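In this text, residue positions in the sequence shown follow UniProt numbering: the first is 1, and each later residue adds one.
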Amino acid sequence: MNQVDVFKALSNKTRLQILSWLKEPEIHFPLQDFCEAKGVGVCVGHIQAKCGLNQSTVSEYLSLLQRAGLVTATRVGQWTFYKRNEDGFTTLTQIIQHEI
């Protein structure tokens, strides 16, 4: 996990908000389709609609969060679904506790 990438990803209000939403997707995306129930994640379209930003911006934000190890992406057909990478948050906690 690259510390610079992680802290860059966390330095944006909307990206933090996305991580918060993905922590409890059943609350923040109540109309989510069958994929969330199977643990695949939240469709990027639902995240985009909730953010109110254009598709390219949301995709860039999610890509940055993925590179930082904070979310995972799964392709299902033509759609991409995102969920939090809890292992990444465990690693981040260890970095903060022991290295910073």
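Using N, Cα and C, we set each Cβ at its ideal position, and we do this for glycine too. On a predicted model such as this, the values are computed, not experimentally measured, just so you know.
Inset, instruction - Spell out a yes or no on whether the stretch 42 to 59 and the stretch 80 to 89 are touching, meaning 3 or more CB-CB pairs, one atom from each, closer than 8 Å. - result: Segments in contact, yes.
Legend entry - Straight-line gap, Val58 to Glu99 (C-alpha atoms, nearest Å): For the purposes of this step, residue 58 is taken as residue 58 along the sequence shown, with counting starting at 1. For the purposes of this step, residue 99 is taken as residue 99 along the sequence shown, with counting starting at 1. Approximately 31 Å between the Cα atoms of the pair.
Inset, instruction - State buried or exposed for Ala68, treating a residue as buried only when at least 16 other CB atoms are found within 10 Å of its CB. - result: Locating residue 68 in the sequence shown gives position 68, counting from the first residue. Ala68 should be labelled buried.
Legend entry - Integer Cβ distance of Gly65 from Leu19, believed to fall under 8 Å: On the sequence shown, residue 65 is found 65 positions in, with the first residue counted as 1. On the sequence shown, residue 19 is found 19 positions in, with the first residue counted as 1. The sequence as given places Leu at residue 65; Gly does not occur at that position. Confirmed, Cβ separation roughly 7 Å.
Inset, instruction - Assuming Asn85 and Thr74 form a contact by the criterion Cβ under 8 Å, report the distance between their Cβ atoms to the nearest whole angstrom. - result: Numbered from 1 along the sequence shown, position 85 holds the residue referred to as residue 85. Numbered from 1 along the sequence shown, position 74 holds the residue referred to as residue 74. Between Thr74 and Asn85 the Cβ distance is about 12 Å, and since that is not below 8 Å, they are no contact.
Legend entry - Identity of the residues DSSP links to Val42 by a beta bridge: Residue 42 sits at position 42 when you count from the first residue of the sequence shown. Answer is Tyr82, bridged to Val42.
Legend entry - Simplified DSSP state of Ala68, which is helix, strand or coil: For the purposes of this step, residue 68 is taken as residue 68 along the sequence shown, with counting starting at 1. The DSSP-derived three-state label of Ala68 is coil.
Legend entry - Span separating the alpha-carbon of Ser11 from that of Lys50: The residue labelled residue 11 in the question sits at position 11 within the sequence shown. The residue labelled residue 50 in the question sits at position 50 within the sequence shown. For Ser11 and Lys50, the distance between alpha carbons rounds to 19 Å.
Inset, instruction - Tell me, to the nearest whole angstrom, how far the beta carbon of Ile96 is from that of Met1; I am working on the premise that it is less than 8 Å. - result: The residue given as residue 96 occupies position 96 in the sequence shown. The residue given as residue 1 occupies position 1 in the sequence shown. Between Met1 and Ile96 the Cβ distance is about 11 Å, and since that is not below 8 Å, they are no contact.
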